[in-house]
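>
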Amino acid sequence: MKKRLALISFIIFALFSFAYRQTTESKRFDSSNEKSQTISEIKPQSIKAVAFGISEKVSSFAPASPETGSTSRKMGRAEEQARAIPNKEPFRKQIEGAAHDSDSAQANFSDAPMPAASLSFDGLSNNDNAAAYGFRAVPPDTNGDVGPNHYVQSVNILTRVFDKSGNALTPPFKLSSIFSVLGTTCSQRNDGDPIVLYDALADRWILSQFCSNFPPFRQLIAVSQTSDPAGAYFVYEFVMPNVKFNDYPKLGVWTDGYYMSADEFLGSEYAGSGVFAFDKKKMLAGDRTASYVYFDLASPTTVRFGGLLPSDLDGLNAPPPNAPNTFVGYMATEYGDANDALRLFDFHADFTNPQNSTFTERAESPLTVATFDPTSPDGRTDIAEPPPGEPLDSQSDRLMYRSAYRNFGTHESLVVNQTVRVTPVGQTYRGGVRVYELRKSNGVFSVREQATIGTNDASRWMGSAAQDYQGNLAVEYSLTSENKKPSIVYSGKLASEPVGTFRAEENLIVGTGVQTGFGSRWGDYSQINVDPTDDCTFWLTNEYYTQESQTESPFGWLTRIGKFKFAECAAPRATINGVVLNASNNQPIANAIVTANAVYIRNTNAVGSYGDLTLLPNTYVLTASANGFRTQTLTVTIVDGQILTQNFALEPTAILSENGYQITTESCAVNNAIDPGETVTINVALRNTGTRNTTNLTATLLGTGGVINAGAAQNFGALTVNGASVSRSFTFTVSPNLRCGDVITLTLQLNDGAENLGTVTINLNIGAPRTAFQENFDSVTEPNLPIGWTTSASGAQQIWKTSDDAFQTPPNSAYSSAAGQIGVNELISPAFLVKSPNAELTFRNRYDLETTFLRNKRYDGAVLEIKIGMPGRFQDILAAGGAFEAGGYDGILESCCQNPLSGRPAWSGKSGPNQTPEFITSKVKLPASAAGKNVQLRWRVGTDNGTSRDGQFIDDIVVSDGFACACQTAQTSRAPFDFDGDGKTDLSIFRSSLSPDAPDFYIQNSSNNSSASVAWGSVGDVPINADYDGDGKTDYAVFRSSIGTWFILRSSDNMIFLVNFGLASDELVPADYDGDGHSDIAVFRQSNSTWYILQSSDNQNRSVRFGASGDLPVPADFDGDGKTDVAVFRPSTGTWYFQKSFDGGSISVQFGQSGDKPVVGDYDGDGKADFVVFHPKNGVWYLLKSSNGFSAVRFGLQNDQPLQADFDGDGKRDVAVYRQSTGFWYYLKSSDGTFAFRQFGIDGDVPLPTIFVP
């Protein structure tokens, strides 16, 4: 910081020789200590489900059968879409001429055998598809998972539930049978890429598939209501956040969410990866408002992050609390990367505040690994199988599903695999399975295992890997060659066996047929999982052929399901079960939630049972909760093999919620809003939604959250369950330290007799919302525009007009057609004034503008522009500094066809998530530079030489512009030197230093007693702390007299504010002279008795001649108008002089004598500054209060320094001193007269509350 200030100082000294100049720049923070690498250009988006429902029980489904007239839709989609990945725009691009690495981690096969399968049975087949659809599908995308009592398998495009003996419990069923309850187009489709997972923490099942019907595309997710996969499901349809196709979606179970990656495409062109986190808590509860957080990784530094995988939790040991989900990708020299490595990214999802979500690359990433070659022959014809089989696709451009996570307690582990080249280029291609185990110890991942299972005589590919409870590793895959028909094979190793050595391969099933159909599709993935019952048994599924299935169809694939276990594996287990009952009547409570350590979750059924909660032996905090009942929490310890029955009896209670409020009285101005410092009465209605009536409910408004002078408790009496609400009035004063637009929190403490019912909170904005501009186009008769609006057009385009063809609110909207020829038009709003830097524009937006069907090529489009200041020029809203918060542009317009707006970001295609355009809300934050200026908005529609479409409708335009307060509390009434904004003066000192890293300011925050220190300044600088940005917090600031420059670090946005203003000999007197809530930069010049003030409200410089040589400046608000008055204290006569800002009149008051120190401030809380002096000789304070008259108090020693401070935050200045020799602060609280003292600082420090005491 010292170096930066020195540099800034040099620049200012070199460039500025005039009176003052104002500049701003972004503050740069030192990130050298950061543990992750933030990808700054990507931002989180949050999207809610567009449809929700509850399915029928899967056990009730009849066998699937073809629909009348159905065709092989899936087959065509699979071929066309899959070919698009490697052939048209692969996300893995080999660099021409790049050297091919040889594999330096070939696995050794030991003589130790793998355990034989203890169960092996046939799963779904393509014959099942033929029976269900009337056609077959490729590839199968075989996957499945195992739970306590079931195995669920899913393929393209059927699913089936088995028991753990291999018996089918349901017929093969279409996933659309589950989703059809949604009633949407996608819910009736079966487009494939299915995923099935079991969530061991919640004892639930997750089924998912995508919908590729039309853009924007969809992801459909079903979460079982219970542990029974043949039961009913909560079903959700999520629309993608853009028009990219979400191909190859892969999901992972985590503690807080279901995480997903997707390779995204615009048409056939690869467009980067997308990563998603779905809100697990809401989805488990069947909450229709469930949402996801999304990051679009298509940025300059991330566009080639293809093939990422989220972590998928195995085992019962949950990740550490609040651990992010780690995504894994890879890099290779064949693609032009620096080395062969794995890349690791942490995804932290915040579903409450999605904008706080982060996607960051871990500090240790990339992890260099043993060399490998991920390339394969061009196209899909990679892997040879015996004739007449066609060559098969190796899928070597991605990591293979899953990235299996496990927490071993001593370390965490990720296991992942990929297909790599085993033979040199030029020889017959052979694929091998590269397996990795990454271990995380002391917070850092490293490579533990890296081995390629492969030989020169056969290909191994389509793998999946996992670890059991003891860390034993297993990997399954397909194996074939010219002489070996594709078979399902597995290998593995014990955790104790040497790194790089795997056991002899074992067959799950030996194939006797080959795939003869065109297209080479095999896979695209398979799956191995670990049984949660014993955490040792591996379950796997993959595809194969028999001679019979080969003869029957060129795509006659079969699937196999099997299990095996290392005999050495044994995992401890304990079980907790029980019921949750109503303590008042012993009846079961359904839908109660039981958690263990907050991450293991169970729900009770109709008889109150929460089933079996299988856990590792340990100590757990169990919590049972249900709506309308008091939560019960207890701690239990379970040992290996124990079955603990733990019942809960929950006490019914009243649940009170706010059911509306109304402001009934206002002391300052009647504007149906609460203002700073205003005393108001609010009528609050409470409603009881619990399970017990109240009898004597009282509510006490607490003096927190900006509430002061709260009135007496109110009695609500008896509130019946689900009965009518009851209202009572609460009177309080709003803290004068709050600013217009701040939030005040009303907290009601509720008691029913002696029973504590908790609190109800109500958050209110200070002030009334200000609308800078609005228009709904309903005041005119179509096609006329409202007064002040103008329109023009050129080329083939037509002018804008009002129309009743489509509208948000009747009868009209503004409408532009979209011509089939080249042209552009414009619709310009009247000019309006924007006052705040936080103004936002919202409007309803409906458009249908020419694109391709997939919306990957945009031809016609619409844009929004803004003109700031008059005169000025129109700029695109984004180029001008605005930012869309919803309903933003769809993409860049094509430059092919002479659209006048070509090459610009624009709205294009159809508005809304469906095939028919609909009104959406477009919301954009206006540029901060618009504050204080008149602006105009302009909508334009540009068309090319092509096809005409419906055009654009806009309606219900509103520009919100912060909040307006009728009674804004003056800055002069706030606590000085309040760095944390809690309305109290903080202990604060300035200790200048030349060391670049040493702090200059030290603060003891009164809000939480925490300490803060900031390097801001240097030796010779003078502290000038005040609230320059008006956010209610004191800013760090210094004045460098050598160059006459103010250095201000604004607390509101961490921006640096520099002003060259004043001379070295001037006295520094920053204060709010114009009453806008911001401290103004100001100096008093003794040589000519002139005050120079740079007003923050209009950035104008004004000067006032007031005072005489030898006077001490004592600026304060003596007339109580909210503006600081220029004022001086004349020591020679003990006389105060001030000029009233209210009317310009001058007043003099004789109070004090030579040697007194004036300590100006409002000591009686009436909004007017009082005349106060400290007499050092006898340590007596003399006060002449504007409301309470004269008083005196002995407080302090001769060498003590008097302070301007309000330590108790009551709006009155406290009598206070600082003792330099000891660093002690002594003060009398004005709120209750009590004495307090604290130690903070050392000899030589400058206590900040003294810096404006002359």
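With the numbering used here, the residue at position 299 of the sequence shown is 284, and numbering never jumps. For every residue, glycine included, the Cβ atom is placed at its ideal position computed from N, Cα and C.
Would Ile1009 and Pro1055 qualify as a contact pair, given that the criterion is a beta-carbon distance under 7 Å?
Their beta carbons are under 7 Å apart, which means Ile1009 touches Pro1055 by this criterion.
> I think Thr437 touches Gln91, with their Cβ atoms under 8 Å apart; what is that distance to the nearest whole Å?
Their Cβ separation, rounded to whole angstroms, is 5 Å, which keeps Thr437 and Gln91 in contact under 8 Å.
> Please look up how many angstroms separate the CB atoms of Gln500 and Leu598, rounded, as I've assumed it's under 8 Å.
Incorrect: roughly 45 Å between the Cβ atoms, too far for contact.
> For Ala83, which option in Gln699, Gly675, Ala323 has the closest C-alpha, if you only look at C-alpha atoms?
The option with the nearest alpha carbon to Ala83 is Ala323.
> Could you pull out every residue in the same chain whose Cβ sits closer than 6 Å to the Cβ of Leu863, ignoring the five residues on either side in sequence?
So no residue of the chain qualifies.
> By DSSP, does Asn341 sit in helix, in strand, or in coil?
Helix at Asn341.
> Indicate the three-state DSSP secondary structure (helix, strand or coil) for Ile1240 in the structure shown.
Any answer about residue 1240 is impossible in this case: the structure gives the chain only from -14 up to 1239.
> According to DSSP, is Thr1219 helix, strand or coil?
Of the three classes helix, strand and coil, the one that applies to Thr1219 here is coil, per DSSP.
> Ignoring anything shorter than 3 residues, give me the beta strand (DSSP E) runs that lie fully in the region 603 to 657, in order along the chain.
The qualifying runs are 603 to 610, 617 to 623, 628 to 630, 633 to 635, 641 to 651.
> To the nearest angstrom, how far is it from the Cα of His396 to the Cα of Asp453?
About 14 Å.
> Once the 5 residues before and after Pro557 are set aside, which same chain residues still bring their CB inside 7 Å of it?
Closer than 7 Å at the Cβ level, and outside the excluded window around Pro557, lie Leu601, Pro602, Asp625.
> Quick check on the burial criterion: 16 or more other C-beta atoms within 10 angstroms. Buried or exposed for Tyr462?
Tyr462 is buried by the Cβ-count criterion.
> In its own chain, which residues sit with a C-beta less than 7 Å from the C-beta of Pro796, not counting the 5 before and 5 after it?
Excluding positions up to five away in sequence, the list reads Asp763, Asp789.
> Looking at Asn769: is its Cβ nearer than 7 Å to the Cβ of Ser714?
Cβ atoms of Asn769 and Ser714: not closer than 7 Å.
> Expressed to the nearest angstrom, what Euclidean distance is found between the alpha-carbon atoms of Lys1142 and His1160?
In a straight line, the C-alpha of Lys1142 is about 7 Å away from that of His1160.
> What does DSSP give as the partner residue(s) for Asp281 in the beta ladder?
Gly259, per the DSSP bridge assignment.
> Quick check on Asp1318: buried or exposed, where buried means 16 or more other Cβ atoms within 10 Å of its Cβ?
Past the edges of the chain, shown from -14 to 1239, lies residue 1318, and the structure says nothing about it.
> With DSSP collapsed to three states, give me the class of Lys229.
Lys229 falls in the coil class under three-state DSSP.
> Arg328 and Ser350 - do their beta-carbons sit closer together than 7 Å?
Yes. Within cutoff.
> Express the C-alpha separation of Phe523 and Ala102 in angstroms, rounding to a whole number.
Approximately 9 Å between the Cα atoms of the pair.
> Between which two residues does the beta strand (DSSP E) harbouring Ile513 extend?
Segment 512 to 515, the beta strand (DSSP E) holding Ile513.
> Taking 6 Å as the limit between beta carbons, can you name the residues of its chain near Ala695, skipping five residues before and five after?
For Ala695, where only same-chain residues beyond five positions count, the Cβ hits under 6 Å are Leu686, Gly688, Phe717.
> Can you tell me whether Ile1240 is helix, strand or coil according to DSSP?
In the structure as shown, the chain starts at -14 and stops at 1239, and residue 1240 therefore has no counterpart that could be examined.
> Taking only the alpha-carbon atoms, compute the straight-line gap between Ser1244 and Asn198 and give it to the nearest angstrom.
A question about residue 1244 goes unanswered here, because the residues of the chain that appear run from -14 up to 1239.
> Nearest-angstrom Cα distance between Asp509 and Asn990?
Near 58 Å, if we compare the C-alpha coordinates of Asn990 and Asp509.
> Check Met268 in the structure and name its three-state DSSP category.
In this structure, Met268 counts as helix in the three-state DSSP scheme.
> With the cut-off set at 7 Å, would you say Trp924 and Leu849 are in Cβ contact?
Contact: yes.
> Determine, using beta-carbon pairs with one atom in the region 778 to 786 and one in the region 804 to 814, whether at least three such pairs fall under 8 Å.
Touching, yes, given that three or more Cβ pairs across the two stretches are closer than 8 Å.
> Work out the CA separation of Phe1237 and Phe1180 for me, nearest whole Å.
Approximately 20 Å, taken between the alpha carbons.
> Can you name the start and end residues of the beta strand (DSSP E) that Glu533 belongs to?
Counting along the chain, Glu533 falls outside any beta strand (DSSP E), though it belongs to the alpha helix (DSSP H) covering 532 to 537.
> Assess, as a yes-or-no matter, whether the region 1055 to 1070 is touched by the region 1097 to 1114 under the definition of 3 or more beta carbon pairs within less than 8 Å.
Touching, per the Cβ criterion.
> What does DSSP give as the partner residue(s) for Gln860 in the beta ladder?
In DSSP, Gln860 forms a bridge with Ile851.
> For Ala803, does the three-state DSSP call read helix, strand or coil?
Ala803 falls in the strand class under three-state DSSP.
> Would you call the region 242 to 256 and the region 830 to 846 in contact, with 3 or more CB pairs under 8 Å?
Yes, the region 242 to 256 is in contact with the region 830 to 846.
> Bridge partners of Val140, per DSSP?
In DSSP, Val140 forms a bridge with Leu143.
> From Val228, Asp516, Thr497, pick the residue whose C-alpha is nearest to that of Tyr530; which is it?
When only C-alpha atoms are compared, the closest one is Thr497.
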